[in-house]
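Residue numbers 1 to 261, in full-length UniProt numbering, belong to the letters of the sequence shown in order.
Input: a single structure, listed below in structure tokens.
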Amino acid sequence: SRIIMWGFTTSTSINGKDSWFKSLFVRKVDPRKDAHATLLTKNEESNLYKIQFHNVKPECLDAYNKLCEEVLPSIHADKYYPCELVGTWNTWYGDQDQAVHLWRYRGGYPALTEVMNKLKQNPEFTAYRKERGKMLMSRRNQLLLEFSFWNEPVPREGPNIYELRSYQLRPGTMIEWGNYWARAIGYRQHNSEAVGGFFSQIGNLYMVHHLWAYKDLQSREDTRNGAWQQEGWDEVVYYTVPLIQHMDSRIMIPTKASPLQ
């Protein structure tokens, strides 16, 4: 059989012992001039996302969370700022003493620029950044776009735990990844665990983030095991693993300020 999406063509036939090598080396991508962002995103929408990773001094984590709870929801709720706080978490398993924030900018890069310029004039936010700086060991961020075939993240009631699975892909494989996951996401909707899927535009490039929600760790285990019982899931995994250079998983707990609970 053959799959053709966004101008990408690949064979899914498995022919004995050489199939693994074909999955590694035999990839045909039809030449075209479209950027990855145009091919993979919701073209009628122009949502831009920013994900922030803050590594907090261990003794400051409680004070950091309290500070964020006092400031971030007010920006989220103020229509003066064209941005929304999608979620804010502490990492439970993975990098310790880490906070993760995900923001959405409806209107793309102009909205991001507008928010940045307005926050520079906000004395409360300036004081927040100064106080926050005393609590951090390091920080980094990325600007992301959302895959067209994933759900748009919307607030949800808890309690839930969240898993952020981050994949560093081999350069040139983003469309191939999207081709397979456009089909794979259908296998992962049964327990409403799929929250959002994104790929980087600025920051670490060829980086993909998948965000999942589960009731607890056992629910996560059961849901993931259940996917293997569905015909086709194993093939998706088989063909996407060779695209990955590095992958990472964080289990995160939402803070009180998070719309995703």
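Glycine included, each C-beta is placed from N, C-alpha and C at the ideal position.
Taking C-alpha positions only, His101 is separated from Phe147 by approximately 19 Å. Residue range Leu61 to Ala77 is occupied by the alpha helix (DSSP H) that includes Pro73, with no beta strand (DSSP E) assigned at that position. Taken atom to atom, the span from the alpha-carbon of Glu70 to that of Ile185 is near 36 Å. Rounded to the nearest whole angstrom, the C-alpha separation of Asp222 and Leu48 is 33 Å. In the three-state reduction of the DSSP assignment, Leu85 falls in the strand class. If you draw a straight line from the Cα of Glu114 to the Cα of Lys120, it is about 10 Å long. In the displayed model, Trp228 falls within coil according to three-state DSSP, outside both helix and strand. Looking at Gly108, Arg140, Trp103 and Tyr162, the one whose alpha-carbon comes closest to that of Val195 is Tyr162. Sequence-distant Cβ neighbours of Val56 in its own chain, meaning closer than 8 Å and more than five residues away, are Tyr64, Asp97, Gln98, Ala99, Met135, Leu136 and Met137. Here DSSP, grouped into helix, strand and coil, assigns Arg183 to helix. With respect to the C-alpha of Ile51, the residue from Trp212, Leu217 and Leu143 having the closest C-alpha is Leu143.
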